Amino acid sequence: MCVGCIREAFVSRGSTVLESGAFALNFAACAQCGSRDVPRSRGVKVVVEEEEEELVEETEFEHACECGHVVASHWHKYAVDAASRRWVMECCLCGRGADERATLRPSARGRSQPPPPPPVPRREDRALLSAIQVPHMLPGGIAPGESEDDEWG
């Protein structure tokens, strides 16, 4: 870890947690060579531990300059169990952050259910909806058999 390369060491990031990459705004310049290029990740180590009711994944790597100078060591932990998902990060460059989300939500009957998957918008669906709602946007102008006056009369 090199505090000479970093604007503010271990800045509080709230619920922001980075599993990879770097917090580029906190990087001043390499104290060894003066380069301002964002440090690269090197030596990535991932350890996964599966227990009966919990899965834990820990990731460690170094942020290093192109000259080989180590700017910071990055540590990230992800844990999931039946009730929650937790993320924790600690890095001199990226800062400290933690977040937790519920895995299950109660249903109307009192049983827990997994959250519904988020809708995936598709480009074709948006284009089709626009073409149905606004016929004059179809390729070629007004739909066959219609005129501009049909809407008003």
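Under UniProt numbering, the first residue of the sequence shown is numbered 1, with each subsequent residue one higher. Here a beta-carbon is modelled for each residue, glycine too, at the ideal position from N, C-alpha and C. Model, not experiment: these values are computed from the prediction.
Could you tell me the distance, in whole angstroms, from the CA atom of residue i to the CA atom of residue j?
i, j, result
"glycine 97", "glycine 34", "28 Å"
"cysteine 92", "glutamate 52", "33 Å"
"glycine 21", "glycine 14", "17 Å"
"alanine 83", "aspartate 99", "14 Å"
"valine 46", "phenylalanine 61", "9 Å"
"glycine 68", "arginine 86", "32 Å"
Since residue i contacts residue j with CB under 8 Å, what's their CB separation in whole angstroms?
i, j, result
"histidine 63", "histidine 76", "Wrong, their Cβ atoms sit about 12 Å apart, outside the cutoff."
Hey, quick one: how far does the beta strand (DSSP E) through residue i stretch, first residue to last?
i, result
"leucine 55", "54-64"
"arginine 7", "Per DSSP, arginine 7 belongs to no beta strand (DSSP E) and is neither H nor E."
"alanine 83", "Run containing alanine 83: none; DSSP gives neither H nor E here."
Skipping 5 residues on each side, what residues in its chain have a beta carbon closer than 8 Å to that of residue i?
i, result
"serine 12", "Gly95, Arg96, Gly97"
Tell me which same chain residues have a C-beta within less than 6 Å of the C-beta of residue i, skipping the five on either side of it?
i, result
"valine 56", "Glu49, Ala79"
"alanine 102", "Ser84"
"valine 70", "Glu62, Ala64"
"proline 39", "Ala22, His63, Ala64, Cys65, Val71"
Grab me the residues of residue i's own chain with a C-beta within less than 7 Å of its C-beta, minus the 5 sequence neighbours each way, in chain order.
i, result
"residue 154", "One cannot answer for residue 154 here, as it falls past the ends of the chain, which runs 1 to 153."
Which partner residues of residue i appear in the DSSP bridge assignment?
i, result
"arginine 96", "Ser12, Glu90"
The ligand NAP heavy atoms versus the CB of residue i: any closer than 8 Å?
i, result
"glutamate 66", "As presented, the structure is devoid of all ligands, the ligand NAP included, so that no description of it is given."
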